[in-house]
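Novice:
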Amino acid sequence: MRNQIRHHIFNHDFLTDKEYHHFLNFCNEVSDLKRDTSNYYDLLIEKYQISKRSISLNVFSNSISYRNFIRHFLVKNGILQINTNLVGECSKLLHNPNKPQGLVQISSSLIFFKEYDHFGLKSAEQKETGVVPTFKFNQWFKVGNDELGIFELPLADSYKYQKKIPIVYSTQDPPFCWRYREPGDLIMIGDHRKKLRRFLIEKKVPKSKRDRLLILASGSKVLFLEKFGYSGLFNISKTDKITSVVLLR
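Numbering (the UniProt record's numbering), first residue to last: 1 to 249.
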């Protein structure tokens, strides 16, 4: 790079010795900066390839142009056919603060993704849909790291549990069922009802994962949300009669 600039852009005859000396120092500094940047890029990409997760945008300066890194990143991950438009789309996605999530199709089998303050590559192939259990009272269900069930009062104390939450549930309410999120679902945060969609956005849960979180709900009222736990929509008041209890273990 230094030699290209020195021999093809400037001629020594047009510069004084002092100017030429300063110019060569500048070329050396640019070469060192390019090498150091490439080494840093390689380190980030190596960590990404080991973890196979994502890279945090926080490791970059706000003023950085992502183009050089993205090109380097794609090549290091085996993507050899790279065009300027593709790099530009990825760079634009990372720079856009009004688009916290997005996808760029890299190939028929690979997608470049941004999820809030992280980005990376993932397979374009759809994952198989998990089996949704059928809800029954007085039965334990394993969801992620949690195990829970809704038990009728006479049976509740015959089980070992870590936490017992009294709830009120009427037979006139829609039956409980395990399912995935639907429009209009509600949860209770503190003393306030909140749309489940808004809650997950505030928690920065990627859209691709929001739709795969398992919930236990009666109609639109969510009792339990995978990875977040119990919702207070079925909490009892002082005048309510306890009908069942939620047991967690």
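Glycine included, every Cβ here is placed at the ideal spot set by N, Cα and C.
Everything numeric in this text was worked out from a predicted model, so none of it was measured.
Give the C-beta separation of Ser231 and Phe224 to the nearest angstrom, bearing in mind that I take them to be a contact with Cβ-Cβ under 8 Å.
Specialist: Confirmed, about 7 Å.
Novice: Take Ser220 as the anchor and find which of Arg212, Trp178, Arg249 has the nearest alpha-carbon.
Specialist: Nearest option by C-alpha distance: Trp178.
Novice: What is the rounded straight-line gap between the Cα of Trp140 and the Cα of Ile187?
Specialist: The alpha-carbon atoms of Trp140 and Ile187 are separated by roughly 22 Å.
Novice: Would DSSP call Lys92 helix, strand or coil?
Specialist: Helix at Lys92.
Novice: Mind checking whether Pro166 and Val245 have CB atoms under 7 Å apart?
Specialist: Contact flag set, yes.
Novice: What is the DSSP secondary structure of Lys194, reduced to helix, strand or coil?
Specialist: Three-state result, Lys194: strand.
Novice: Quick check on the burial criterion: 16 or more other C-beta atoms within 10 angstroms. Buried or exposed for Lys163?
Specialist: Exposed, because fewer than 16 other Cβ atoms sit within 10 Å of the Cβ of Lys163.
Novice: What's the gap between the Cα of Asp240 and the Cα of Val168?
Specialist: So the alpha carbons of these two residues sit roughly 7 Å apart.
Novice: Terminal residues of the continuous beta strand (DSSP E) containing Arg179?
Specialist: Run containing Arg179: 176-180, per the beta strand (DSSP E) assignment.
Novice: Have a look at Leu110 and Gly102 and give me their C-alpha separation to the nearest angstrom.
Specialist: So the two alpha carbons sit approximately 14 Å from each other.
Novice: So, are the CB atoms of Leu213 and Glu226 less than 7 Å apart?
Specialist: In contact: Leu213 and Glu226 (Cβ atoms closer than 7 Å).
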